[in-house]
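Comments concern the structure below.
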Amino acid sequence: MPQCDTSLRELVTKWFGLSDMPHLRITRLHCPGVDCGCVRAELTTSARPLAIVFFRHQAGCWRLFPPSPTRRR
Numbered sequence: 001m002p003q004c005d006t007s008l009r010e011l012v013t014k015w016f017g018l019s020d021m022p023h024l025r026i027t028r029l030h031c032p033g034v035d036c037g038c039v040r041a042e043l044t045t046s047a048r049p050l051a052i053v054f055f056r057h058q059a060g061c062w063r064l065f066p067p068s069p070t071r072r073r
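In terms of our numbering, the sequence shown opens at residue 1 and continues consecutively.
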């Protein structure tokens, strides 16, 4: 089972840095076909917009990749 000790805030800080935190916009997304939560973090002050989507997995972990689809038996 994956280790889930990193919060969403810690991941956003890791990828954007503390100095960019006041300039970030966090938006909750609905991702069709993905049975989890997802949020989009967008840096609004850069010359070009920079956005990263984070996915919440069933175990409660936040990752940069979507969870594997559940298989039906």
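The C-beta atom is built at its ideal place from N, Cα and C for all residues, glycine as well.
Going straight from the alpha carbon of Asp20 to that of Leu43, what length do you get? Going from the Cα of Asp20 to the Cα of Leu43 covers about 7 Å.
So, under 8 Å CB-CB, Ala41 and Ala51 are touching, yes? Tell me the CB distance rounded to an integer number of Å. Contact between Ala41 and Ala51 holds, since their C-beta atoms are separated by about 7 Å, short of 8 Å.
Can the beta-carbon of His57 be found less than 8 Å from the beta-carbon of Cys36? Yes, these two residues count as a Cβ contact at 8 Å.
Local Cβ density within 10 Å of Phe65, reported as buried at 16 or more and exposed below that: Classification for Phe65: exposed.
Applying the criterion that 16 or more other CB atoms from any shown protein chain within 10 Å of the CB defines a buried residue, is Ser7 buried or exposed? The Cβ neighbour count for Ser7, taken over all protein chains shown within 10 Å, is under 16; the residue is labelled exposed.
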